[in-house]
Structures are given as structure tokens and as C-alpha cells.
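Numbering (this note's numbering), first residue to last: 10 to 83.
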């Protein structure tokens with residue numbers, strides 16, 4: 010299968026949007042990981058390499074899975 014295109018653009022756009030909305034860097038990172046995961050699930054379900062942003066728009070706004078960042082070092 011072909012790798013999805015635009016994942017980096019989606020990631021940077023979502024992260025920047027969340028920071029501009031007032032999220033901390035940690036909150037923005039966690040939200041971004043969750044939303045990108047949802048888009049990739051939808052893209053995989055459609056067997057597409059183009060990100061399914063429109064189909065996943067509700068899941069971007071309200072991800073069903075929430076990732077929590079874990080501190081790796083002090």
C-alpha cells in the first residue's frame with residue numbers, strides 16, 4: 010500500500026492551531042496526536058493514500074481516542 014501524503018502538513022497545522030487557540034504545548038501535542046490518529050484511521054478505512062480530511066472532520070474536532078504524553082527524562 011502507498012503511504013498517505015500530507016501527514017506532516019496536517020500535524021504542523023493542527024499543532025499550530027491548538028497553540029494559537031491557547032493550548033499549552035503539551036495539550037497541543039496530545040490533541041494533535043489524537044486528531045492525526047483519527048484521520049489516519051479514516052484514510053486506512055477508505056484504502057486511500059490521500060488523507061480523508063473531510064470524512065474525518067468530526068473526528069478531528071472530537072477525537073475518540075485521546076493520547077497522553079509521557080515524560081521520558083527530567
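Ideal Cβ positions, reconstructed from N, Cα and C, are used throughout, including at glycine.
Apart from the five residues just before and just after residue i, which ones in its own chain have a Cβ nearer than 7 Å to its Cβ?
| i | result |
| --- | --- |
| residue 35 | 78 |
| residue 17 | none |
Got a sec? Which residues, its chain only, sit under 8 Å from residue i by beta carbon, not counting five neighbours each side?
| i | result |
| --- | --- |
| residue 59 | 13, 14, 15, 52 |
| residue 41 | 20, 23, 24, 27 |
Taking the straight line between their C-alpha atoms, what separation do you get for residue i and residue j?
| i | j | result |
| --- | --- | --- |
| residue 32 | residue 63 | 24 Å |
| residue 61 | residue 28 | 23 Å |
| residue 55 | residue 65 | 11 Å |
| residue 38 | residue 57 | 25 Å |
| residue 50 | residue 30 | 25 Å |
Evaluate residue i with the Cβ neighbour count: other Cβ atoms within 10 Å of its Cβ, from every protein chain shown; 16 or more gives buried, anything less gives exposed.
| i | result |
| --- | --- |
| residue 10 | exposed |
| residue 82 | exposed |
| residue 70 | exposed |
What I want to know is whether the C-beta of residue i ends up closer than 7 Å to one or more non-hydrogen atoms of the ligand NAD.
| i | result |
| --- | --- |
| residue 51 | As for the ligand NAD, it is missing from this structure, which has no ligand bound. |
Is there a Cβ of chain C sitting closer than 8 Å to that of residue i, yes or no?
| i | result |
| --- | --- |
| residue 35 | Looking for chain C here will not work: only one protein chain is present. |
CB-CB under 6 Å to residue i, same chain, minus the five flanking residues each way: which ones, in chain order?
| i | result |
| --- | --- |
| residue 75 | 43 |
Taking 8 Å as the threshold (C-beta atoms), are residue j and residue i in contact?
| i | j | result |
| --- | --- | --- |
| residue 73 | residue 47 | yes |
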